[in-house]
Amino acid sequence: MAFQPTDTLRPLPIEGSPDSRYYSLAVLEEMGLGKISRLPHSIRVILESVLRNLNGSSVQEHHLRQLAGWQPNGERSGEVPFVVSRIVAPDSSGVPLLADLAAMRDAAAELGMVPGDIEPLVPVDLVVDHSIIVEHAGSANALMLNMEIEYERNAERYSFLKWAANAFKAFRIFPPGSGIVHQVNLENLARGVHQKGGVTYFDSLVGTDSHTPMVNGIGVLGWGVGGIEAEAAMLGEPMYLVAPDVIGVELTGAPAPGIVATDIVLTVVQALRAKKVVGKFVEFFGPGAAALPAPDRATISNMAPEYGATAAFFPVDANTLDYLRATGRTKAEIAALKAYFQAQGMFGMPTLGQIDYTDTVHIDLGAVVPSVAGPSRPQDRIALGELKEKVRGLLPQEASAASGSGQALRHGDVVLAAITSCTNTSNPRLMLAAGILARKAVEKGLKAAAHVKTSFTPGSRVVTSYLQATGLDQYLDTLGFNVAGYGCATCMGNSGPLDAGILDQIKDGNLTVAAVLSGNRNFEARIHQAIKANFLMSPPLVVAFAIAGRADFDPANDALGAGPDGKMVYLADLWPTAEEMAQVMPVAQDPKHVLAVYAQTGRNNELWEALPAPKGDLFVWDDGSTYLKRPPFFDGVTLDIPSKGAIKGARALAILGDSVTTDHINPGGSIPPESESGKFLISLGVEPRDFNSYISRRAHDRVMVRSSFANVRIRNLMVDEVGSHTLHQPDGQRMSIFEAAVKYTAEGVPMIVFAGEEYGNGSSRDWAAKGPSLLGVRAVIARGFERIHRSNLVGMGILPLELPEGVSAQTLGLVGDETFDVTGDMDDVRTGQVFELVIHRQDGTTAKVPLRVRIDSAIEEAYFRNGGILPYVLRQRLARHVSGASHA
Numbered sequence: 000m001a002f003q004p005t006d007t008l009r010p011l012p013i014e015g016s017p018d019s020r021y022y023s024l025a026v027l028e029e030m031g032l033g034k035i036s037r038l039p040h041s042i043r044v045i046l047e048s049v050l051r052n053l054n055g056s057s058v059q060e061h062h063l064r065q066l067a068g069w070q071p072n073g074e075r076s077g078e079v080p081f082v083v084s085r086i087v088a089p090d091s092s093g094v095p096l097l098a099d100l101a102a103m104r105d106a107a108a109e110l111g112m113v114p115g116d117i118e119p120l121v122p123v124d125l126v127v128d129h130s131i132i133v134e135h136a137g138s139a140n141a142l143m144l145n146m147e148i149e150y151e152r153n154a155e156r157y158s159f160l161k162w163a164a165n166a167f168k169a170f171r172i173f174p175p176g177s178g179i180v181h182q183v184n185l186e187n188l189a190r191g192v193h194q195k196g197g198v199t200y201f202d203s204l205v206g207t208d209s210h211t212p213m214v215n216g217i218g219v220l221g222w223g224v225g226g227i228e229a230e231a232a233m234l235g236e237p238m239y240l241v242a243p244d245v246i247g248v249e250l251t252g253a254p255a256p257g258i259v260a261t262d263i264v265l266t267v268v269q270a271l272r273a274k275k276v277v278g279k280f281v282e283f284f285g286p287g288a289a290a291l292p293a294p295d296r297a298t299i300s301n302m303a304p305e306y307g308a309t310a311a312f313f314p315v316d317a318n319t320l321d322y323l324r325a326t327g328r329t330k331a332e333i334a335a336l337k338a339y340f341q342a343q344g345m346f347g348m349p350t351l352g353q354i355d356y357t358d359t360v361h362i363d364l365g366a367v368v369p370s371v372a373g374p375s376r377p378q379d380r381i382a383l384g385e386l387k388e389k390v391r392g393l394l395p396q397e398a399s400a401a402s403g404s405g406q407a408l409r410h411g412d413v414v415l416a417a418i419t420s421c422t423n424t425s426n427p428r429l430m431l432a433a434g435i436l437a438r439k440a441v442e443k444g445l446k447a448a449a450h451v452k453t454s455f456t457p458g459s460r461v462v463t464s465y466l467q468a469t470g471l472d473q474y475l476d477t478l479g480f481n482v483a484g485y486g487c488a489t490c491m492g493n494s495g496p497l498d499a500g501i502l503d504q505i506k507d508g509n510l511t512v513a514a515v516l517s518g519n520r521n522f523e524a525r526i527h528q529a530i531k532a533n534f535l536m537s538p539p540l541v542v543a544f545a546i547a548g549r550a551d552f553d554p555a556n557d558a559l560g561a562g563p564d565g566k567m568v569y570l571a572d573l574w575p576t577a578e579e580m581a582q583v584m585p586v587a588q589d590p591k592h593v594l595a596v597y598a599q600t601g602r603n604n605e606l607w608e609a610l611p612a613p614k615g616d617l618f619v620w621d622d623g624s625t626y627l628k629r630p631p632f633f634d635g636v637t638l639d640i641p642s643k644g645a646i647k648g649a650r651a652l653a654i655l656g657d658s659v660t661t662d663h664i665n666p667g668g669s670i671p672p673e674s675e676s677g678k679f680l681i682s683l684g685v686e687p688r689d690f691n692s693y694i695s696r697r698a699h700d701r702v703m704v705r706s707s708f709a710n711v712r713i714r715n716l717m718v719d720e721v722g723s724h725t726l727h728q729p730d731g732q733r734m735s736i737f738e739a740a741v742k743y744t745a746e747g748v749p750m751i752v753f754a755g756e757e758y759g760n761g762s763s764r765d766w767a768a769k770g771p772s773l774l775g776v777r778a779v780i781a782r783g784f785e786r787i788h789r790s791n792l793v794g795m796g797i798l799p800l801e802l803p804e805g806v807s808a809q810t811l812g813l814v815g816d817e818t819f820d821v822t823g824d825m826d827d828v829r830t831g832q833v834f835e836l837v838i839h840r841q842d843g844t845t846a847k848v849p850l851r852v853r854i855d856s857a858i859e860e861a862y863f864r865n866g867g868i869l870p871y872v873l874r875q876r877l878a879r880h881v882s883g884a885s886h887a
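Numbering of the sequence shown is given in numbering that gives the first Met the number 0, commencing with residue 0 and proceeding in unit increments.
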């Protein structure tokens, strides 16, 4: 007799829901499917989804048995379909995602289908959080002025979002000014469990932002995917994944007094990046993990992309429930969550030996020291006491002779200090610590250095609510940390302009100056194109360094400054004590803050209400728009799959080194007038002051294709300068990468990009794959790929190929004047294949290199064969439509 999922249904006694049931994992163990009780908790969440959604077609019994029999060091081959409960997205990836759906509706209508049938089948929450730019800072009206500018610049995009909210039934929007998607997810969206049709089950999700794992801190499994993957999930396709390795991270010991969550997370990032957990799940356990409050756990989970993990899961326990109470969840919700996790044998923090992990890492929290990270990678932790020496080593030789007196800017000065969202403003303890340090500094008469641009962009309005309730907001304001917006700002490059005089000094002196920020990303040229060094640190340290005004500063021995009485003030004089923290923490943990803020979401928002909201199933595209253009990804798609053609006689569009981020491939900040995108916008009559950011233009492919490889700091090893330059071959003419791609396309020449290790790390940026695809890039040949970006390349029909260990473009002696052939049938690419790269050199010699095809699953084979996820999904819908019509 065939296995029936209903055989595992068991009653779940919950007060108020006497008929509730659940799919019991323990029953699977009783049936002999595996030692379920020893599986990592994150694997069990996926297993329950497979069990509950088993339908004999997309989710089959062999999937269930395969995952139930997961072995810590077993073979990782077969893929598992994971049906998530919901999807979250910021506007940066959400707007182009919805534009693609709108274009899919257009294509469906043109193919004779009902456009309204293109509808998300999974609930989608979109939080508008990536468009605020810190144009104004350090003033009481900064928030109002920045939001007015934001609405003026983004009126078209926001009107489009209001259309989508009306046109798609399963779509909900949080307007600008609500906060960042991750904190809204923590505070409001995440329920822990869902109840539907009398069945209780795990909350789970994917998000179109790489920091989606932040919600793992409260026991909700979710991770970041590209928007093109999320579209497939929205439209009913399961998320396919190869069952991952799970690395157990045992946390032991207790942090020393004064150690904060930022110090801990930077220590974890460094340790796990060294462990090479890229593409793996990480699961925390042990007494140290049990003692961490949920916001500290969320801070650690947030930075999963910085150590490369797909997910960073903390099991549910009493601390999880405490957080949910403090953020306004009802008694009934908390009771249901606790009862469900207890019934599944998953309530409480595991200890060493209880769970079978692929490998185990041990981190002693008692050994954590005050830390920062930089100057350009989040995994490069620096003990705070060593920062001064580290910064001095980064500075030009003449910096040691530069005078620190007077008003002249010098090497090593901090010019930007930002308490920014995501990693730290989810954490009341960190925010209150910043407020207390600010209060003590103001009381001693200290001020922020005059050359520092200070800003504060909290993760939600809840932060402002509890800071006001404690009275600490006024001290942050006094030091220039006035709220400048609610959203992802400085950390993603929306730091806004520096003072013109400061900028002139930086340029004229070619100064190496610094930014300090409480974010999670500090890649070169990401924060501000004029700032060469960027250091991640806790919010209270950001305040301290704004006062000090320089990065080559030793907090233990150097004074922050002198008060009006001439007495020198040191960091130790200002650092919050345990007693001071204990006085204010209960205020932040009062659920009234969250309940009051979210009761007002979308209400009394005059700017949002004033926007027009188009109606109808189809969006009416404006040909004159410079923000919204119908995406081209469905143009010409029919039921038949066209042949791709061989990669023969290809040229290298770029030869890149290690650690090329998605910011290098597709920048997200301001658009320089001299860039290809800038020149294009000028040709359309857009003034440079109205360019907005690359991110805001993501729904206009003609702007965005020109942004590919356009970062001012990208290094193409084919040329001798940084920036978006290459050599067109065979004439050797120097030109922009975009210009070369246009010429190669006109000449019918295939293009390849070469890269080193960690290609595509950073944000889950769709346009880092969409742009190269539209340029005509056929393959990326790299030493290694970041997980999401590799998936995005496949999702856009670009073939990821991996070089053998120890082989690189440099060891092969590539200079860019070669031609290349890639062997293999491009119309029938399979998982695990090995292709061959044939290099034809100018001197007539050839070389051959084996390449591992990084198509990692059967569904990816189908995506690539179809030219990407978007044509695949449309063809699936079209096939069902044709089949239905033929049977009518």
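Yeah, the Cβ is synthetic: ideal placement off N, Cα and C, and Gly gets one too. As the structure is a computational prediction, the values presented were derived from the model and not from experiment.
In the DSSP secondary-structure assignment, M536 is not bridged to any residue. Judged by beta-carbon spacing, L610 lies beyond the 9 Å limit of V542, meaning their Cβ atoms are not closer than that value.
Here V192 is near Y339, since their CB atoms are less than 9 Å apart. The C-beta distance from F534 to V704 rounds to 34 Å, too long to fall under 8 Å, and the pair is not in contact. Burial state of D295 is buried, judged by a 10 Å Cβ sphere holding 16 or more other Cβ atoms.
A547 and H592 have their C-alpha atoms some 33 Å from each other. In the DSSP assignment, H61 falls within the alpha helix (DSSP H) that extends over E60 to A67. Counting along the chain, V702 sits inside no beta strand (DSSP E); it lies in the alpha helix (DSSP H) bounded by residues D700 to M703.
In this structure, A524 keeps its C-beta atom at 9 Å or more from the C-beta atom of A550. Taking A325 as the centre and dropping the five residues before and after it, the same chain places the C-beta of Q588 and P590 closer than 7 Å to its C-beta, in chain order. Under the criterion of beta carbons closer than 8 Å, G562 and L445 qualify as touching, at roughly 6 Å.
Exclusion of the five residues before and after E28 leaves K34, I35 and S36 as the residues of its chain whose Cβ lies within less than 7 Å of its Cβ.
Taking C-beta atoms under 8 Å as the contact rule, N423 and T298 qualify, at a distance of about 7 Å. Setting aside the 5 residues that flank it on each side, N187 is surrounded in the same chain by Y597, each with a C-beta closer than 6 Å to its C-beta; the list follows chain order. By the beta-carbon neighbour count (other beta carbons within 10 angstroms, threshold 16), V58 is buried. In the pairwise beta carbon analysis, the segment 611-619 is classified as touching the segment 156-164: at least three pairs are separated by under 8 Å. Under the rule that a run must span 4 or more residues, no alpha helix (DSSP H) segment is found entirely inside the segment 239-265. Annotated three-state conformation of H527 is coil, per DSSP. Distance from the CA atom of A407 to the CA atom of G137, rounded to whole angstroms, is 21 Å. Rounded to whole angstroms, L120 and G235 show a C-alpha spacing of 6 Å. In this structure, F632 is the residue among E147, F632 and I858 with its C-alpha nearest to the C-alpha of R104. Rounded to the nearest whole angstrom, the CA to CA distance from G111 to L97 is 21 Å. Beta-carbon to beta-carbon, S856 and Y239 are separated by about 6 Å, close enough to satisfy the 8 Å threshold. For A417, the beta-bridge partners assigned by DSSP are S454 and L516. Here the alpha carbons of V779 and G815 stand approximately 14 Å from one another. H788 places its beta carbon 9 Å or farther from that of Y743. Closest option to A846, judged by alpha-carbon separation, among G307, T818, K279 and A651: T818. When DSSP assignments are scanned along the segment 735-797, the uninterrupted stretches of beta strand (DSSP E) that are 3 or more residues long and fall wholly within it turn out to be 750-753 and 776-781. Taking one beta carbon from each stretch, the segment 494-501 and the segment 345-360 have fewer than 3 pairs nearer than 8 Å; the two do not touch.
For L386, the enclosing alpha helix (DSSP H) has its first and last residue at L386 to L393. Secondary structure of D557 (DSSP, three-state): coil. Cβ-Cβ separation between V126 and I179: approximately 7 Å, consistent with a contact (criterion under 8 Å). Under the three-state reduction of DSSP output, S370 falls in the strand class. Residues of the same chain with a CB within less than 7 Å of the CB of A555, apart from the 5 flanking positions on each side, are G384 in chain order.
The criterion of a C-beta distance shorter than 9 Å is satisfied by G866 and P641. A contact is defined here as three or more CB-CB pairs under 8 Å, and the segment 757-773 fails this definition with respect to the segment 800-815.
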